[in-house]
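Protein chains in written order, with this note's numbering: chain A, 797 to 1069; chain B, 797 to 1069. For every residue, glycine included, the Cβ atom is placed at its ideal position computed from N, Cα and C. I have placed the structure first, in the form of structure tokens, so that the comments after it can refer back to it.
Protein chains: 2
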Amino acid sequence: MHFSKKFKQALRETDSHLVVGLDTDISKIPMFLQSEVNPVAAFNDLVIEATKEYVCGYKLNIAFYERGPEAGFAAIRSTLAAIPENLITIADAKRGDIENTTELYAKAFLDDFGFDSVTVQPYMGQDSARPFLRRKNKFVWMLALTSNYGANDFQFLKVGRQPLWEIIVEKAVSWNDQKIGFVMGASHTRELEKITKDLPETPLLIPGIGAQKGSLEKTINSLNHSLFVINQSRSIIYSAPKAENAEEFKSITGEAAQKARDEINGFLMLKKK
Amino acid sequence: MHFSKKFKQALRETDSHLVVGLDTDISKIPMFLQSEVNPVAAFNDLVIEATKEYVCGYKLNIAFYERGPEAGFAAIRSTLAAIPENLITIADAKRGDIENTTELYAKAFLDDFGFDSVTVQPYMGQDSARPFLRRKNKFVWMLALTSNYGANDFQFLKVGRQPLWEIIVEKAVSWNDQKIGFVMGASHTRELEKITKDLPETPLLIPGIGAQKGSLEKTINSLNHSLFVINQSRSIIYSAPKAENAEEFKSITGEAAQKARDEINGFLMLKKK
């Protein structure tokens, strides 16, 4: 199924715009899981069990899985196997290289692991995205305006009358308007307003809420379409650091996810009035 | 030892500006190695034995090690262990993310694996480089003007009077002028001329010769300093596809590396006249 279709279906079926980021740091895993054979995998399983009713999908930042990589990559596999099939999966790899090399990243993340989609760096241009776009039912989230402080270094540079991020968006859409969406940080509300107006059918992945302290209400109010997911990680997956067993962990973590989903939906409903 | 010092020493001691790219594709490994427990590791060992007298260092593009990742990452470890200590090592990872996340990449590549240096994407700005720069004896090769066709999409965009790549170089040097060098594709001779004139102490990693068909002579002639390495991969490591045993493989591969090193040095000497 084309990602676009899967995405819209997931948004509808789950009634959720929340993506939980499984950015699992082994040092933050509760004590009761530390003795597991693969604590990261076990932790992720519990998070998924606790939150799957409340989310549209899951995002794994690959950096968290490259240390002790043998165990890390095994954890990716088992985590993906635990995610319900109708939910979207994002490999937050932020990769980009010459075409032949990017083909290998595409094989690894989209073919072998089987993620639905992947985040991609724009700097090296079209051939660094093409291998990902070649896969029929897959999707690229191109970095456009990121949520970190360093976004100010280059992303707002004026090229003629337009900021760099906007030129990147226009260019990327010209390569493939069906299979490319963009990463736009939650605090960039003016720009979110513009991109959702100019590109009403283009999905957005929005990080920067939660631990990164964006204002959810302002973000939601800036959006002119609803093909978006909001990523939250630490504020959900680490909401139960002192949990002493699986039931307690799932109860607290599930509640955090439910609250996050409801908060997003609440602001969406307020908008409609 | 500071990378800068190690780098200069290596250039001097080896009398070589050649870096061999260990971009090892298991499907291109000669038959006689296919039955090894870890063919990629075995192949790399032979390439290193064959070429270590002729190179300044080795570069591993991490994409080649992320498929069948368990074996891939084990190959990285054994390969690094086989590289003589005075040669420079480059993790061609082209990573970049928010600071907390980039810290994990820095731990993985610079601390755990122990690479001397790493390639980094500029788009997310300073905090996406900072964790790499924090490591005392390590070094960042920031992408500036890449060797692929997609370089034309964004890297030459005019910001005021300057192209984007140049703004990135200036900005990066302002963060840390001791520990940042740049990736500049071999065919960009005009820009190589400029950057080596403006920044006479800033190391350059130059891909795009060999299989990517740049003109070595033109490239060498454009350089105004000698703190550079030229990366060649496929034209060296795959020069002996039909080799039937280790001795034959090493003989042919070693010759290819020697020839490449001598060619670079030959053009350098011609320049001095």
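Measuring straight from C-alpha to C-alpha, what distance separates ASP811/A and LEU1000/A? Using only the alpha carbons, I get a separation of about 17 angstroms.
Along chain A, in chain order, which residues have C-beta atoms closer than 9 angstroms to that of MET1080/B? This structure does not reach residue 1080/B, given that chain B is present from 797 up to 1069, and the question cannot be answered.
With distances taken between CB atoms, is the gap from ASN972/A to THR897/B smaller than 8 angstroms? Not a contact, by the Cβ cut-off of 8 angstroms.
If the cut-off is 7 angstroms on Cβ atoms, which residues from the stretch 899-925 of chain B count as contacting chain A, listed in chain order? Within the stretch 899-925 of chain B, those residues whose Cβ lies closer than 7 angstroms to any Cβ of chain A are, in chain order, LEU900, TYR901, LYS903, ALA904, ASP908, GLN917, PRO918, TYR919, MET920, GLY921, GLN922, ASP923 and SER924.
Taking the Cβ atom as the reference point for each residue, do LEU995/B and THR1015/B lie within a distance shorter than 8 angstroms? In this structure, THR1015/B does not lie closer than 8 angstroms to LEU995/B by Cβ.
Between VAL836/B and the ligand PLP, is the CB less than 7 angstroms from at least one heavy atom? You won't find the ligand PLP in this model; it holds no ligand whatsoever.
Kindly give me the distance between the Cβ atoms of THR875/A and ILE1032/A, rounded to whole angstroms, as I take these residues to be in contact under 8 angstroms. For THR875/A against ILE1032/A, the beta-carbon gap comes to about 15 angstroms, at or over 8 angstroms, which does not count as contact.
Restricting to Cα atoms, I'd like to know which of ASP908/A, SER1022/A, LEU807/A and GLN974/A is closest to LEU1064/A. When each option's Cα is compared against that of LEU1064/A, the closest is SER1022/A.
Cβ pair count under 8 angstroms reaching 3, the stretch 823-838 of chain B against the stretch 900-918 of chain B: They do not touch, by the three-pair rule.
Any idea what DSSP makes of THR992/A, helix, strand or coil? Here THR992/A sits in helix by DSSP.
Going by the beta-carbon positions, is the gap between VAL955/A and LEU953/B smaller than 8 angstroms? For VAL955/A and LEU953/B, yes; Cβs fall inside 8 angstroms.
If we count the other Cβ atoms within 10 Å of its Cβ and call it buried at 16 or more, is GLU1040/B buried or exposed? So GLU1040/B counts as exposed.
Could you compute how far the alpha carbon of GLU1044/A sits from the alpha carbon of VAL843/A? C-alpha separation (whole angstroms): 12 angstroms.
Contact the stretch 905-917 of chain A vs the stretch 942-950 of chain B: 3+ CB pairs below 8 angstroms: With a cut-off of 8 angstroms, the stretch 942-950 of chain B and the stretch 905-917 of chain A do not count as touching, because too few Cβ pairs lie within range.
Assigned secondary structure, ALA982/B (DSSP; H/G/I helix, E/B strand, else coil): ALA982/B: coil per DSSP, three-state reduction.
From ILE894/B to GLY921/B, what distance separates their C-alpha atoms? In this model, ILE894/B and GLY921/B are separated by some 9 angstroms (Cα to Cα).
Mapping DSSP to helix, strand and coil, what is LEU1001/A? Of the three classes helix, strand and coil, the one that applies to LEU1001/A here is strand, per DSSP.
Unbroken alpha helix (DSSP H) run spanning THR1049/B, endpoints: Per DSSP, THR1049/B belongs to the alpha helix (DSSP H) from 1042-1068.
So ARG930/B is in the beta strand (DSSP E); what residue range does that whole segment cover? Secondary structure note for ARG930/B: it is in no beta strand (DSSP E), with a DSSP letter that is neither H nor E.
So who's on the other strand from ASP888/B, going by DSSP bridges? Per DSSP, ASN857/B.
Within 8 angstroms, strictly: CB atoms of PHE839/A and ARG873/A: Going by C-beta atoms, PHE839/A is not nearer than 8 angstroms to ARG873/A.
At least one CB of chain E closer than 8 angstroms to the CB of ASN834/B: is that the case? Looking for chain E here will not work: the only protein chains present are A and B.
What number of angstroms, rounded off, separates the C-alpha of PHE928/B from the C-alpha of PRO918/B? Using only the alpha carbons, I get a separation of about 13 angstroms.
Output yes if chain B places a C-beta closer than 8 angstroms to the C-beta of ALA1036/A; else output no. Judged by the 8 angstroms Cβ criterion, ALA1036/A is not in contact with chain B.
Out of GLY977/A, GLY1004/A, PRO1003/A and ILE1005/A, state which residue places its alpha-carbon closest to the alpha-carbon of THR992/A. Answer by Cα proximity: GLY977/A.
Using a Cβ cut-off of 8 angstroms, which residues of the stretch 956-973 of chain A contact any Cβ in chain B, in chain order? If the cut-off is 8 angstroms between Cβ atoms, the stretch 956-973 of chain A has GLY956, LEU960, ILE963, ILE964 and LYS967 near chain B.
N-terminal and C-terminal residue of the beta strand (DSSP E) that ASN896/B is part of: Counting along the chain, ASN896/B falls outside any beta strand (DSSP E), though it belongs to the alpha helix (DSSP H) covering 895-902.
What are the start and end residues of each continuous alpha helix (DSSP H) run of 4 or more residues lying completely inside the stretch 928-967 of chain A, in chain order? Listed in chain order, the complete alpha helix (DSSP H) runs (minimum 4 residues) inside the stretch 928-967 of chain A are 947-950.
Neighbouring residues, chain B, relative to SER943/A (Cβ below 8 angstroms): Under the 8 angstroms cutoff, chain B gives ILE894.
Hey, quick one: how far does the beta strand (DSSP E) through LEU814/B stretch, first residue to last? Secondary structure note for LEU814/B: its beta strand (DSSP E) is the uninterrupted segment 814-817.
Pull the bridge partners of SER913/B from the DSSP assignment, please. Answer is ILE886/B and PHE935/B.
Using a C-beta cutoff of 8 angstroms, does LEU953/B count as contacting chain A? Judged by the 8 angstroms Cβ criterion, LEU953/B is in contact with chain A.
Mind reading off the beta-carbon distance from ALA1053/B to VAL815/B? Whole number of angstroms is fine, and I expect it under 8 angstroms. The Cβ separation is near 10 angstroms, so there is no contact.
Consult DSSP for ILE1026/A and reduce its assignment to one of helix, strand or coil. Three-state DSSP puts ILE1026/A in a strand.
Please say whether ILE886/A and LYS802/A have beta carbons closer to each other than 8 angstroms? No Cβ-Cβ contact shorter than 8 angstroms links LYS802/A with ILE886/A.
Measuring alpha carbon to alpha carbon, tell me which of VAL969/A, ILE1005/A and LYS990/A ends up nearest GLY981/A. For GLY981/A, the closest of VAL969/A, ILE1005/A and LYS990/A by C-alpha to C-alpha distance is ILE1005/A.
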